[in-house]
Amino acid sequence: MSEPEIRIFPNLDEMSAALAARFVAAANERSRREENFCAAVSGGQTPRPFFERLADSALSASIPWTRMRLFQVDERAVPPDHPQSNYGMLRRTLLDHVPAAAANFHRMEAERANLSVAALEYEGVLARELRPPQNHVPRLDLILLGLGADGHTASLFPGTPAQAERERWVAPNFVPKLNMHRMTLTYPVLNAAAEVAFMVAGEEKSRILQEVLEGPLRPELFPAQGVQPASGRLVWYLDRAAAERLSNARRSAP
Ligand code: 6PG
3 MSEPEIRIFP NLDEMSAALA ARFVAAANER SRREENFCAA VSGGQTPRPF
53 FERLADSALS ASIPWTRMRL FQVDERAVPP DHPQSNYGML RRTLLDHVPA
103 AAANFHRMEA ERANLSVAAL EYEGVLAREL RPPQNHVPRL DLILLGLGAD
153 GHTASLFPGT PAQAERERWV APNFVPKLNM HRMTLTYPVL NAAAEVAFMV
203 AGEEKSRILQ EVLEGPLRPE LFPAQGVQPA SGRLVWYLDR AAAERLSNAR
253 RSAP
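Following this line, the structure appears as structure tokens:
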């Protein structure tokens, strides 16, 4: 596993622009090879400007949307029109504005009564769209992750069953402290990816970011530490405020 790459930007807007540029470049690399670009995206608030940029007509026109296969990293167990729905946020910022993106997007149906069945069916979607070799984990081209203030990522929260899952690709997960059920990609899929990009912004994330990047390796306490792509690229997109507690060596990263 290679050292993570650290990219620090003055603010969330410039960080979002840089990640959007990487997303477009990676999608076109695949398209030129007449291959689909398969990406999974997180919810929460940080990625909103990134999605809004992808929807902007100037950038959207340069994206091979018909070659895109979009997936969710995780979803809350709420209906798609619920204010807390990750899908709802993605729909309002991107999918409603780019029909081709919506047509190639696979929603996690986390509102279903039987989350185990819904998770299994989502595994089937991944298998169908990515067609991994027998007994292999599907390899996504890019996974976009966030970092929670408690060190969670996706819906892998400290001490929850999905954080310990090493076989299933998609798992239901009850999060006691939120009293909420979720559905999430698991470490096997996250760590099989060709590229993983964390997006972390804001002074309120500076402490947890320093713990995750520079503290002892304790992924059971800080699940984001468990994201270590076996043969993929790991890049941290940070704004200056989130990076302010990192060591000088890391902050002076090229
Ligand atoms: C979710 C997300 C989650 C998110 C982090 C950071 O469903 O909440 O997928 O993993 O990425 O909680 O969220 P913010 O970007 O809102 O800080």
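Using the working numbering, the letters of the sequence shown map in sequence onto residues 3 to 256. We put the beta carbon where it would ideally sit given N, CA and C, even for glycine.
Short check: CB of residue i to CB of residue j, under 7 Å?
| i | j | result |
| --- | --- | --- |
| Asn-193 | Pro-231 | yes |
| Ala-110 | Gln-74 | Reading off the sequence, residue 110 comes out as Met, not Ala. Yes, the pair counts as a contact, with Cβ atoms nearer than the cut-off. |
| Leu-72 | Asp-241 | no |
| Leu-211 | Ala-244 | yes |
| Leu-149 | Ala-63 | no |
| Leu-146 | Ser-44 | yes |
Helix, strand or coil for residue i? Go by DSSP, reduced to three states.
| i | result |
| --- | --- |
| Thr-68 | helix |
| Gln-74 | strand |
| Met-110 | coil |
| Arg-184 | strand |
| Asp-15 | helix |
| Arg-130 | helix |
| Glu-222 | coil |
| Thr-95 | helix |
| Gln-227 | helix |
Let's test the definition: count the other Cβ atoms within 10 Å of the Cβ of residue i and tell me whether it reaches 16, buried, or not, exposed.
| i | result |
| --- | --- |
| Glu-31 | exposed |
| Ser-18 | buried |
| Gly-126 | exposed |
| Asn-181 | exposed |
| Asn-88 | buried |
| Gly-161 | exposed |
| Lys-207 | buried |
| Asn-106 | buried |
| His-154 | buried |
| Arg-130 | exposed |
| Val-76 | In the sequence as displayed, the identity of residue 76 is Asp instead of Val. Buried, by the Cβ-count rule. |
| Leu-219 | exposed |
Cα-Cα, which of the options is closest to residue i?
| i | options | result |
| --- | --- | --- |
| Leu-96 | Arg-55, Pro-81, Gly-126, Ser-64 | Arg-55 |
| Arg-9 | Gly-150, Ala-199, Tyr-89 | Ala-199 |
| Ala-196 | Ala-102, Glu-77, Phe-224, Leu-132 | Leu-132 |
| Ala-42 | Leu-236, Glu-205, Val-191 | Val-191 |
| Val-237 | Leu-223, Arg-252, Gly-45 | Arg-252 |
| Ala-103 | Ala-151, Gly-234, Ile-65, Pro-163 | Ile-65 |
| Arg-168 | Arg-247, Lys-179, Thr-186, Glu-7 | Thr-186 |
Pull up the DSSP beta-bridge partners for residue i, would you.
| i | result |
| --- | --- |
| Asn-175 | Arg-184 |
| Leu-158 | Thr-155 |
| Ala-41 | Leu-72, Leu-144 |
| Met-201 | Tyr-239 |
| Glu-7 | Val-237 |
Just checking: is the beta-carbon of residue i within a distance shorter than 7 Å of some beta-carbon in chain C?
| i | result |
| --- | --- |
| Thr-68 | This model lacks chain C altogether, as it is built from one protein chain only. |
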